[in-house]
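Enquirer:
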Amino acid sequence: MFKRREVDSANVLQALGKVIDPDLKRDIVSLNMVKDVEVNKSKVSFTIELTTPACPMKEKIREEAESAVKELPGVEAVEINMTSNVKQGRLFSDKKTIEGVKHIIAVASGKGGVGKSTVAVNLALALEETGASVGLMDSDIYGPSVPTMMGVNYKPGVNEDKRIMPLSSNGVKLMSIGFLLGDDGGPIIWRGPLISQVIRQFLHDVDWGRLDYLVIDLPPGTGDAQLTLCQAVPLTGAVIVTTPQDVALLDARKGLQMFQQVKVPVLGIIENMSYFVCGHCSQRTDIFSAGGGRRTAEEMEIPFLGEIPIDPVICVGGDDGKPIVKAHPESPQTKRFKGIAGDMAARLSILALAGADAV
Ligand SMILES: Nc1ncnc2c1ncn2[C@@H]1O[C@H](COP(=O)(O)OP(=O)(O)OP(=O)(O)O)[C@@H](O)[C@H]1O
Ligand SMILES: [Mg+2]
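For the sequence shown, position 311 (counting from the first letter as 1) is numbered 322 according to the working numbering, and the numbering increases by one without interruption.
#1: Straight-line CA distance for Trp201 to Gln212?
#2: Is DSSP giving Leu27 helix, strand or coil here?
#3: So Gly317 is in the beta strand (DSSP E); what residue range does that whole segment cover?
#4: Beta carbon of Lys71, beta carbon of Glu60: below 8 Å?
#5: Apply the 10 Å Cβ neighbour rule to Ser293 and answer buried if 16 or more other Cβ atoms are within range, or exposed otherwise.
#6: Can you have a look at Phe190 and say buried or exposed, based on whether 16 or more other CB atoms are within 10 angstroms of its CB?
#7: With a threshold of 16 other CB atoms inside 10 Å of the CB of Gly111, please say whether the residue is buried or exposed.
#8: Can you find the residues in the same chain that come closer than 7 Å, C-beta to C-beta, to Gly203, ignoring five residues on each side of it along the sequence?
#9: Heavy atom of ligand 1 less than 7 Å from the Cβ of Ile321, yes or no?
#10: With a threshold of 7 Å, establish whether the CB of Asn43 neighbours any heavy atom of ligand 1.
#11: Mind checking which residues open and close the alpha helix (DSSP H) that includes Gly403?
#12: Let's test the definition: count the other Cβ atoms within 10 Å of the Cβ of His291 and tell me whether it reaches 16, buried, or not, exposed.
#13: Indicate, with yes or no, if ligand 2 has a heavy atom lying under 7 Å from the CB of Ser144.
#14: Just jot down, in chain order, the residues whose CB lies closer than 5 Å to any heavy atom of ligand 2.
#15: So, is Pro255 buried or exposed, given that buried needs 16 or more other C-beta atoms within 10 angstroms?
#16: Starting from Met311, trace the alpha helix (DSSP H) in both directions and tell me its first and last residue.
#17: Quick check: Gly332 and Gly162, are their CB atoms within less than 8 Å of each other?
#18: How many angstroms separate the CA atom of Thr3 from the CA atom of Phe287?
#19: With a CB to CB cut of under 6 Å and the five nearest residues on each side skipped, what residues in its chain are close to Gln99?
#20: Tell me whether Ala88 is buried or exposed, calling it buried when 16 or more other Cβ atoms sit within 10 Å of its Cβ.
#21: Can you list, in chain order, the residues of its chain whose CB lies under 6 Å from that of Glu90, leaving out five sequence neighbours each side?
#22: I need the DSSP call for Met160, collapsed to helix, strand or coil.
#23: Tell me the DSSP bridge mates of Val250?
#24: Would you be able to state if there are at least three C-beta pairs under 8 Å between the region 237-247 and the region 122-141?
#25: Cα-Cα, which of Lys36, Val86 and Val209 is closest to Ser150?
#26: Tell me whether Asp331, by its Cβ, gets closer than 7 Å to a heavy atom of ligand 1.
#27: Please classify Trp201: does DSSP put it in a helix, a strand, or coil?
#28: Quick check: what's the CA-CA separation for Pro276 versus Ala357?
#29: For ligand 1, I want to know if Ile251 counts as a neighbour, meaning its beta carbon is within less than 7 Å of at least one of the ligand's heavy atoms.
#30: Looking at Thr239: is its Cβ nearer than 8 Å to the Cβ of Ile280?
#31: Report all residues from its chain with a CB closer than 6 Å to the CB of Leu83; omit the five preceding and five following residues, and keep chain order.
#32: If you drop the 5 nearest sequence neighbours on each side, which residues of the same chain put their C-beta closer than 7 Å to that of Ile325?
#33: Is the closest heavy atom of ligand 1 to the C-beta of Ile325 under 7 Å?
#34: Quickly, what does DSSP pair Phe299 with across the bridge? List them, please.
#35: Over the uninterrupted beta strand (DSSP E) stretch that includes Asp47, give me the two end residues.
#36: Tell me the DSSP secondary structure of Ile152 in three-state form.
Printed below as a string of structure tokens:
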């Protein structure tokens, strides 16, 4: 009688060496994503450590790893533990980083009112839902939206190290000038400060703790204030929000050029208020022209991250402090935000691995 063939961990690693991470375009073994391989007779278990919990390819990688190991003769059961460890983002400047914060992402637009704050809030929540630790910083000093949109507004405390404690809502750490405004409407802590000084304080004097992603909601425009801001913040990437009209797209290009000027990689364009779906007949209407965001992304050779329809539920959620990702977790709009968050996180992983040239 033949002795039953037994696998060892080397066989398992060899099999897993054929599983390619579709975003990072390398096998999961050489990427050091496979950990804790254990073989117990015909049972194999191991951990796959993704580069982000928001990885859109999570299920595909798991399935391919499972079937690769199951194909090994002698293997009857495969147990895979999926975890993640977000890699430190690459900095494209000599600015002071924030200790413990792996990625800082700016949400920007050239034009005002296109939905930056709405997108920033919902992307932050979508990332948090995947299990990532997330912060949201409102850098709009003159028109802060985060307090209203996240439904929290009280004065932050100061810890024993004299650092400001961020507020928290739905697991996301928050900071906004709106939390610090006095009854007279003027800032209590920073009376008449320069924007960049406030921003620096928000970055370095707030106790953000350990964060995988810090999302920054930028004020509208591409003027000096925004430029100063982008230069003050150690960004690892930026996303540009636009609406489909030509005027907005023109400004989106300016936004893009601004980031190129300060050498911050643009992770992609998001087209907000793209179209309207009738609640009664489900027909899609392109209120503005169609496809402008995608075309602009193609022209500028940056990724197009997706379209978000115009929907009264999104607006009401913003006004009521109940963002759609939390208020309507199963809605198609929420799925869009989650999809965009995943793609954005994947691009950050690619950048962290390979540097700006990979984008
Ligand atoms: N997809 C959408 N559907 C419906 N309403 C939306 C959508 N996106 C944003 N809004 C609404 O449009 C208004 C402007 O959005 P928001 O404040 O996010 O824009 P903004 O770009 O941050 O503006 P600002 O330039 O003033 O900072 C808000 O009332 C918001 O609720
Ligand atoms: Mg805003």
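Beta carbons: idealized from backbone N, C-alpha and C, even for Gly.
Expert: Short version:
#1: Summary for Trp201: the model assigns pLDDT 48, below 50, so the residue's position carries little reliability, and this model does not support an answer.
#2: helix
#3: Phe315 to Ile321
#4: no
#5: exposed
#6: buried
#7: exposed
#8: Since pLDDT at Gly203 reaches only 44, below the 50 mark, its modelled position is unreliable, and no value is offered.
#9: yes
#10: no
#11: The question about residue 403 has no answer here: the residues shown for the chain are numbered 12 through 370.
#12: exposed
#13: no
#14: Lys127, Ser128 and Ser156
#15: buried
#16: Gly303 to Met311
#17: yes
#18: Residue 3 cannot be examined here, being either before or after the span of the chain that is shown, 12 to 370.
#19: Lys113
#20: exposed
#21: Ser56
#22: helix
#23: Val118 and Gly279
#24: no
#25: Val209
#26: no
#27: Per-residue confidence for Trp201 stands at a pLDDT of 48, beneath the threshold of 50, marking its modelled position as unreliable; no derived number is given.
#28: 14 Å
#29: no
#30: no
#31: Val18, Asn22 and Ala26
#32: Thr129, Ile335 and Gln344
#33: yes
#34: For Phe299, which the question treats as bridged, DSSP gives no partner whatsoever.
#35: Val45 to Asn51
#36: coil
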